[in-house]
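Have a look at the structure below before the remarks.
Number of protein chains: 2
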Amino acid sequence: MSELFLDTIDEQSRVPAEAAKPVASLHEGLLVALRDFIVEGNLADGARVPERALCERFNISRTPLREALKVLAAEGLIELLPNRGARVRQLSPEDIRELFDVMGGLEALAGRLACERISEAEFAEIEQVHHEMYRFYLRRDMHGYFHCNQAIHQLIVAAAGNATLAATYAGLAGRIRRVRYSANLAKDRDRWGEAMREHEAILDALRRRAGSELSDILFVHLRNKQKAAQASA
Amino acid sequence: MSELFLDTIDEQSRVPAEAAKPVASLHEGLLVALRDFIVEGNLADGARVPERALCERFNISRTPLREALKVLAAEGLIELLPNRGARVRQLSPEDIRELFDVMGGLEALAGRLACERISEAEFAEIEQVHHEMYRFYLRRDMHGYFHCNQAIHQLIVAAAGNATLAATYAGLAGRIRRVRYSANLAKDRDRWGEAMREHEAILDALRRRAGSELSDILFVHLRNKQKAAQASA
DNA sequence: GCCTGTTATTTTGCATTCATTTTTTCAAAG
DNA sequence: CTTTGAAAAAATGAATGCAAAATAACAGGC
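Taken in sequence, the protein lines are chains A and B. Counting from 1, one number per residue, gives the positions in the first sequence under our numbering. Counting from 1001, one number per residue, gives the positions in the second sequence under our numbering.
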């Protein structure tokens, strides 16, 4: 490799640098669109995924669509029956239980990792959202409360600083997005107070950077959330 | 359907019966073959994945191959560069660190769940493999030790009774399989003794069904394994 | 009238083909 | 001799076409 070549590299290296993370957009667009289309419930649970209709819907040929379907099947959003096409995967109560537990485990991990590396600024942001959530709780504003709640859990996962964890978590979250469990809490006011107390404990453990403890609290918190969802299902 | 046909069905009905759970094999075969082909290191790290060559290698057309490639990309084994084909994803030290942590988190979860539902028979099996491993340790039989070690971690994940967890864990394990970290322990005899003591603690916590405690031990155990692998890398 | 057996239509899976883009080759200029 | 530019070759991404399978529609028998 000549020195001159190294000079030119300086100019061009920026391109692969900025293109390094965003793998770029190929038929990614289609994949995202299709995923949203399914997640948003445009297709009934367990319903056949009509190839031809979707081709017209997205103005593409069958080849890229089928490729996208294979990916969605790998993600667990749909299932592919040989020679029988794709079906929207319907989650059994058992599936949902499993997903809750795994997400609980991942959040527990996120909490532990966050304690190791979270900055004061990141903690301050979580703390701020927490207090905001508390105000929503006092006002009995369910919508605002859940918005903050989601944000906090998301911030903890982000604070873990582990892209693999975040991606894995997002993948599982996408699977159960079709199941609406958020509003279930509405039926159980006691649970709401309990959840709020758990969140106090979460913030406290995070403040003390007590990773192992926070890990425990988060898992139990998710377990309780799961129980509440099941009870009101 | 004639009675005669029913007679023959008796013979054949076993096939769909046992194929009920395994969604069946379509181009799954190709997917598995391709995955193994890459995992087993037939392609260099970061190397281009030659479509044409693989088509000949597996005697298929480009369409099913490209579908399989999309799935492998979703699994994180390869990466797809737009208009520039697929490349074997090479894991940075950071990627490996992340993978170790997530797998540690999942094993911690597996331990916790296992404590909730493991049967005496399952525990007995783990205990037996543990003792077998200890004998390998005393004999300084590295190969046998690692075999048992892998088996124990696998049995704990299985004992968790969570298919989603098992699948997620397997997916991450597949990504890292290309990186050989097993033999790294060989360079650090002290670590070996430490690992053995940690396994004693694991078995003890599992015996007492101390989920939270086992969860902690398993995560730290994986962390130490990671550190040892890094140090000898 | 309901069920069985056959035929027609649709749909899936894969191969082939085509337009673009990228990479390589080659040659001429500096 | 290196470097730049253009043209050829190859590879990628997507569309179409075709054989096999599945589903639907239909006719005949109990």
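Idealized CB from N, CA, C, for every residue including glycine.
Chain A contact for residue i (CB, 7 angstroms cutoff)
| i | result |
| --- | --- |
| N1162(B) | yes |
| A1074(B) | yes |
| L1004(B) | For L1004(B), the pLDDT reaches just 31, beneath the cut-off of 50, and the residue's location in the model is therefore unreliable, although a value from the coordinates is still provided. With 7 angstroms as the cut-off, L1004(B) does not count as an interface residue toward chain A. |
| L1054(B) | no |
| Q1012(B) | Interpretation of Q1012(B) is limited by its pLDDT of 33, a score under 50 that renders its predicted location unreliable; the figure taken from the coordinates is listed afterwards. Answer no: the Cβ-Cβ gap between Q1012(B) and chain A never drops below 7 angstroms. |
| G1105(B) | yes |
| Q1230(B) | no |
| L1165(B) | yes |
| E1225(B) | First, the residue type needs correcting, since residue 1225(B) is Lys and not Glu in the sequence shown. Closer than 7 angstroms: no. |
| I1217(B) | no |
| L1071(B) | According to the sequence provided, residue 1071(B) is Val. The question's Leu does not apply to it. V1071(B) counts as touching chain A. |
Proximity below 7 angstroms, CB of residue i to CB of residue j
| i | j | result |
| --- | --- | --- |
| E1051(B) | R1062(B) | yes |
| S1215(B) | G1111(B) | yes |
| P64(A) | L30(A) | yes |
| V88(A) | G46(A) | yes |
| T1164(B) | L80(A) | no |
| F219(A) | A108(A) | yes |
| R1178(B) | A1228(B) | no |
| R57(A) | G85(A) | no |
| E1067(B) | E67(A) | yes |
| I156(A) | V129(A) | no |
| L43(A) | V102(A) | no |
Own chain partners of residue i with C-beta closer than 7 angstroms, once the 5 adjacent residues on each side are dropped
| i | result |
| --- | --- |
| E116(A) | G211 |
| R209(A) | C115 |
| N162(A) | L113 |
| A1159(B) | A1114, I1118, E1122 |
| E1127(B) | L1203 |
| I96(A) | I176, V179 |
| C1148(B) | V1129, E1132, M1133, F1136 |
| L222(A) | F100, M103, G104, E107 |
C-beta neighbour in chain B for residue i, strict 7 angstroms
| i | result |
| --- | --- |
| E213(A) | no |
| L77(A) | no |
| L99(A) | yes |
| E194(A) | no |
| V102(A) | yes |
| E51(A) | no |
| E132(A) | no |
| E122(A) | no |
| E116(A) | no |
| E198(A) | no |
| L109(A) | yes |
| E40(A) | no |
| E67(A) | yes |
Any non-hydrogen atom of the ligand FMN within 6 angstroms of residue i CB
| i | result |
| --- | --- |
| T168(A) | Because no ligand of any kind appears in the structure shown, any question about the ligand FMN cannot be addressed here. |
Contacts around residue i, its chain only, beta-carbon distance under 8 angstroms, and the 5 residues preceding and following it disregarded
| i | result |
| --- | --- |
| I78(A) | I38, V49, L69, L72, A86, R87, V88, R89 |
| C55(A) | S61, R62, L65 |
| A1033(B) | F1058 |
| I1217(B) | G1111, E1198, A1201, I1202, A1205 |
| N1224(B) | R1191, E1194, A1195, E1198 |
| R139(A) | none |
Contact set for residue i: own chain, Cβ-Cβ below 6 angstroms, skip 5 residues either direction
| i | result |
| --- | --- |
| H27(A) | P64 |
| M1196(B) | Y1137 |
| Q1226(B) | F1100 |
| A166(A) | V157 |
Next item on the list: Enumerate, from N- to C-terminal direction, the unbroken alpha helix (DSSP H) stretches of 4 or more residues contained entirely within the segment 102 to 168 of chain A.
Entry: 120 to 138, 142 to 159
Next item on the list: Evaluate contact between the segment 1130 to 1144 of chain B and the segment 1071 to 1079 of chain B, counting only Cβ atoms and requiring at least three cross-stretch pairs below 8 angstroms.
Entry: no
Check: Is the segment 192 to 210 of chain A touching the segment 101 to 120 of chain A, taking contact as three or more C-beta pairs under 8 angstroms?
Finding: yes
Next item on the list: Scan the segment 1046 to 1106 of chain B and note each continuous alpha helix (DSSP H) run of 4 residues or more that stays entirely inside, going in chain order.
Entry: 1051 to 1058, 1062 to 1075
Notebook entry, point to check: Counting pairs of Cβ atoms below 8 angstroms between the segment 1194 to 1202 of chain B and the segment 126 to 141 of chain A, do you hit three or more?
Noted result: no
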